[in-house]
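Protein chains in written order, with my numbering: chain A, 35 to 464; chain B, 35 to 464.
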């Protein structure tokens, strides 16, 4: 963005230089200087006047510079991050949403976490087709243009990987909310209700399950009961207003609100209607919950009520005592978030946080608690309650039932220890 | 994104090649082939089988490929566009949001239109300060970090340039919704209520106006009555979850919900409290509405109820008769949209469109009307009504009062002519 503008002189922003800039400045800057002088006299270097001359003395780049805009170079650290040692290859792996850097409940498309089993399929939408066949009167093959001619829905939904927080079951205690909770994102989807496409094909009464299959090299496929398919599933083509991103299933992805992300089949190419589940790889060897006695729960699809404090957190330590905003996110696969409580003493006492609307079903909800830190150690926790009355549990309560063999569906309360230095650690209570 | 994957063979996607791929295909593809064979026999080339082999036979790129994601190369046409002949320089100019390509009501940050008067200020947030002074007990200088320690709000709001549609006053009839209506966008803002910052500085009762000033080379400044400043204005630092984009005022911008975009001062560096308006350049020589008798309305801040059909439109012609979704956007600076009507005959008859929630105050609202086109010419219009009962007017009614000298605040009903060939023109009725 600097191509249209001479580089600012490379002088250090020393008090001398700042004074020079101020005496050389006019109008609004003069009063800024006057005030800054006072502030500087107060001896707080943080209050030295802004070095505004560098950017107010030159024309910046014009409206032809960025047909599609990008973030400031000063935000280059706000990115999806992966963990090389976590998987054998980056094509069958995951990266994480930088939750600690985000506000509100919308995730920018460029920062939505990715989970692939065979890498990102590169699809030319002109060549892509979605087939619906099996127990239907009339098998159909849809182009992407065909799909867009059906009545559309526009809805905000969170998408969470079933393995989000999975490494915490055994107390791995990854030191960062991006890694403990970053396999979730939330965007506004636009698409066609799957119900309409099934009706178009003439769904037979004997059809009780569907198989959704992707066009990626993993041929990702999952079985979904017909009740869910006819309820709130979408065949989506847009996210946050623009077309799906390639890594999120461009040009078509299945949206399965409130259910585990693995079922939201990307690069959707085929939907087969059948009268039983298919028991494919991703619903037998994976995405089942192994219990202490060796048996496995299957078809545990719903992502239960969950919340986490995203600041402070290990990546966002306390910089000072006094006023601070505790920020976090809450969500439930069973509907709306009703209330979020925050504890400063590891769960002994709770304060009700402020929810930032609109509070939508099966969608992230931003909460905040305005707080003044006295510099003493704090055990930070958040606990959400959804509209069904379900209360987010402690990890010990979950493990009592589920053991530590599973890597899926950990929606336990997270604890952050803020120590005297302001640093924040991922800790396990009890 | 193709670096990890061999290029797909460059063979044409001819029927021969498609047949080859099908006979060579297995599993899910075989059934796709079977169905495709039937479809092909039906003689519709659109229904030939997908050339899936190219992307399902190879691993795609991994999760380490794009720390910050970008759109598909097949969406390279979805960009902000400027009009070189419109202004003398690109630094004091405008580009337009591609409304015809968007769904839902959230505008992706990279596609939010830009209007600059001195180019994009390049600011290092560590050096930036916001000063509040004038009629306050205690002048203050805030760092960006200081601002983030105040209680925050998260709200979706539209931002519309007062000149959006300005060239249509005299019937310029630009041939594209991106140019007639593209100076509007809508994102979720996160920031601090301006009221809290003014209270922190100790607002004096004699303070009846504020001046907001930017750190760009234009020194953009506007006067705002204290009632609005204390009502719903925000000093924002995030948009759609991430930090403001440089071209949208990074690191701080004033959010003035429902009022003209020029007042939403970017790169906000100074707020002065006074007891009268300042009558600066951008509220006297510009951003006033010149009437037929030569007098000018001043301080016409509110963006009134407005709507437009974004598809079909000149950039999105009809490709075929039959089922189609008419899509559009509606908004009002006075609150929520209550209803949107769509006419197919130039305003003689109206059908009520479907509003896609959540319907929020001073925010874009997506509407759709499901429709079957019979191939005959159509005069498409949308007309919105906001919660105050105000009805979007026809251009003739507006001009009767306002004449054609103004370039601001044109919120008239837009008419698109869909002719037999399916092409869409910007036309003027009466």
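Glycine included, C-beta positions come from ideal geometry on N, C-alpha and C.
Which residues of chain B have a Cβ atom closer than 9 Å to the Cβ of residue 281 of chain A, listed in chain order?
-> Residues of chain B with a Cβ closer than 9 Å to the Cβ of residue 281 of chain A are, in chain order, 35, 94, 95, 97, 99, 100, 103.
Secondary structure at residue 233 of chain A, three-state DSSP: helix, strand or coil?
-> helix
When the Cα of residue 361 of chain B is compared with those of B/105, B/393, B/139, B/325, which residue comes out closest?
-> B/139
Do you know how far the Cα of residue 306 of chain A is from the Cα of residue 253 of chain A?
-> 14 Å
Sorted by chain position, which residues of the same chain lie with C-beta nearer than 6 Å to residue 324 of chain A's C-beta, five sequence neighbours on each side aside?
-> So the list reads 330, 439, 440, once near-sequence residues are dropped.
Name, please, each residue of chain A whose Cβ falls closer than 9 Å to the Cβ of residue 194 of chain B.
-> Per Cβ cutoff of 9 Å: no residues; residue 194 of chain B is ~16 Å from chain A at best.
Can you pull the DSSP bridge partners for residue 190 of chain A?
-> A/222
Around the Cβ of residue 465 of chain B, are there at least 16 other Cβ atoms within 10 angstroms (buried) or fewer (exposed)?
-> Summary: the structure shown does not reach residue 465 of chain B, with chain B confined to residues 35 through 464, and so no result is reported for it.
CA-CA distance, residue 258 of chain B and residue 171 of chain B?
-> 20 Å
Would you give the residue range spanned by the beta strand (DSSP E) that residue 436 of chain A belongs to?
-> Residue 436 of chain A -> not in any beta strand (DSSP E); alpha helix (DSSP H) instead, spanning 429 to 436.
By Cβ distance, which residues of its chain are closer than 7 Å to residue 266 of chain A, with the 5 residues on each side in sequence left out?
-> 291
Within 8 Å, strictly: CB atoms of residue 371 of chain A and residue 420 of chain A = yes
Presumed contact (8 Å Cβ cut-off) between residue 196 of chain A and residue 296 of chain A, rounded CB distance | 6 Å
At least one CB of chain A closer than 8 Å to the CB of residue 456 of chain B: is that the case?
-> no
Compare the Cα-Cα distances from residue 150 of chain A to each of A/392, A/280, A/406 and report the closest residue.
-> A/280
When you compare only the Cα positions, how much space is there between residue 332 of chain A and residue 178 of chain A?
-> Residue 332 of chain A and residue 178 of chain A have their C-alpha atoms roughly 33 Å apart.
Taking Cβ positions only, does residue 293 of chain A come closer than 8 Å to chain B?
-> no
What are the boundary residues of the alpha helix (DSSP H) that residue 263 of chain A is part of?
-> 260 to 263
Among the residues of its own chain, which have a CB less than 7 Å from the CB of residue 437 of chain B, if the five just before and after it don't count?
-> The residues are 325, 326.
According to the Cβ coordinates, are residue 198 of chain B and residue 215 of chain B closer than 8 Å?
-> In this structure, the beta-carbon distance from residue 198 of chain B to residue 215 of chain B falls below 8 Å.
Residue 168 of chain A (DSSP reduced to helix, strand or coil) = Strand, per DSSP.
Secondary structure of residue 179 of chain B, DSSP reduced to three states = In the three-state DSSP reduction, residue 179 of chain B falls in the helix class (H, G or I).
From the beta carbon of residue 151 of chain B, is the nearest beta carbon of chain A less than 8 Å away?
-> No - not a single Cβ of chain A is within 8 Å of the one on residue 151 of chain B.
Separation of residue 233 of chain B from residue 460 of chain A, as counted between CA atoms | 37 Å
State yes or no: is the C-beta of residue 365 of chain B within less than 8 Å of the C-beta of residue 192 of chain B?
-> yes
Got a sec: which bits of the stretch 393 to 407 of chain B sit with their beta carbon under 9 Å from any beta carbon on chain A, in order along the chain?
-> 394, 400, 402, 404
Is the stretch 448 to 460 of chain B close to the stretch 340 to 354 of chain B, with three or more CB pairs under 8 Å?
-> yes
Can you tell me whether residue 412 of chain A is buried or exposed, with buried defined as 16 or more other CB within 10 angstroms of its CB?
-> buried
Which word fits residue 382 of chain B, buried or exposed, when buried means at least 16 other C-beta atoms lie within 10 angstroms of its C-beta?
-> Burial call: exposed.
Per DSSP, the bridge partner or partners of residue 449 of chain A = A/415, A/461
May I ask which residues mark the beginning and end of the alpha helix (DSSP H) holding residue 123 of chain B?
-> Looking at the DSSP string, residue 123 of chain B is not in any alpha helix (DSSP H), and its letter there is neither H nor E.
Hey, is residue 122 of chain A's beta-carbon within less than 8 Å of any beta-carbon in chain B?
-> no
May I ask which residues mark the beginning and end of the alpha helix (DSSP H) holding residue 215 of chain B?
-> 211 to 215
Determine, using beta carbons only, whether residue 67 of chain B comes closer than 8 Å to chain A.
-> Note that residue 67 of chain B scores a pLDDT of 30, beneath 50, so its modelled location is shaky and nothing firm can be said.
May I have the straight-line CA-CA distance separating residue 434 of chain A from residue 165 of chain B, to the nearest angstrom?
-> Going by C-alpha positions, residue 434 of chain A is about 55 Å away from residue 165 of chain B.
Interface partners of residue 222 of chain B on chain A, CB under 7 Å = 138, 140
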